[in-house]
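Below: the structure, in structure tokens.
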Amino acid sequence: MTTITQPIRKTAIVTGAGRGIGLSIATKLAEDGYNVIIAARSRIEDYRENLALLDKYGQSI
């Protein structure tokens, strides 16, 4: 019997991801196929423009 397995998509949690280094790391992880959970001290609505970068990779945010 042949077993078909689904690929496992890794998930990363990135703090400080609203801008700067955190945003760069989150973007690279999304680009590499990770699901990305982000956290920022400021209101996330303030960074919608930056988060659009992550959105283009089609990963969960």
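In this text, residue positions in the sequence shown follow the numbering used here: the first is 159, and each later residue adds one. All residues carry an ideal CB built from backbone N, CA and C; glycine is no exception.
Residue j beta carbon less than 8 Å from that of residue i
i           : j           : result
residue 180 : residue 169 : no
residue 176 : residue 200 : yes
residue 198 : residue 215 : no
residue 191 : residue 206 : no
Cβ distance (whole Å) where residue i is taken to contact residue j below 8 Å
i           : j           : result
residue 184 : residue 196 : 5 Å
Residue(s) in a DSSP beta bridge with residue i
i           : result
residue 170 : 194
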